[in-house]
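Read through the structure below, which is laid out as structure tokens, and then see the notes.
In the working numbering, the protein residues as written are 222 to 331.
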């Protein structure tokens, strides 16, 4: 009736490294506002993992985990940027203001 299909190599990679997606998502969520939902990051990260599994070339010399980490994190950051209303310059200026505020607080002891 039914034939048992052996999972392809990319499916095996996805199954083996799905925990990596969660680890990266929880690492990123710690530095993001509460409005960002970790499940959304995981979903986008799984798409990044699928993409990494399909495009991985062992001949390039990098381990799959290294390659996948870059692709997963990149897909999460791309999605965050795509859903953000503010351009990069606004975020950069906000970080600069916060850095100056921390420096002044440190110097004045307040």
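Cβ coordinates follow ideal geometry from the N, Cα and C atoms, glycine included.
In this structure, does DSSP put residue 320 in helix, strand or coil? Within the chain shown, the letter at position 99 stands for residue 320. Correct three-state label for residue 320: helix.
Cβ-based burial, residue 238 [other Cβ within 10 Å; buried from 16]: To locate residue 238, count along the chain shown from 1; it is residue 17. Flag for residue 238 reads buried.
Less than 9 angstroms between the beta carbons of residue 274 and residue 263, yes or no? What you label residue 274 is simply residue 53 of the chain shown in a count that begins at 1. What you label residue 263 is simply residue 42 of the chain shown in a count that begins at 1. No, Cβ-Cβ distance for residue 274 and residue 263 is not below 9 angstroms.
Using the C-alpha atoms, what's the distance from residue 289 back to residue 319? The count along the chain shown starts at 1 and reaches residue 319 at position 98. The count along the chain shown starts at 1 and reaches residue 289 at position 68. Residue 319 and residue 289 have their C-alpha atoms spaced approximately 33 angstroms apart.
Any chance the region 257–271 sits against the region 281–299, with 3 or more Cβ pairs inside 8 angstroms? Of all C-beta pairs linking the region 257–271 to the region 281–299, three or more are shorter than 8 angstroms, placing the two stretches in contact.
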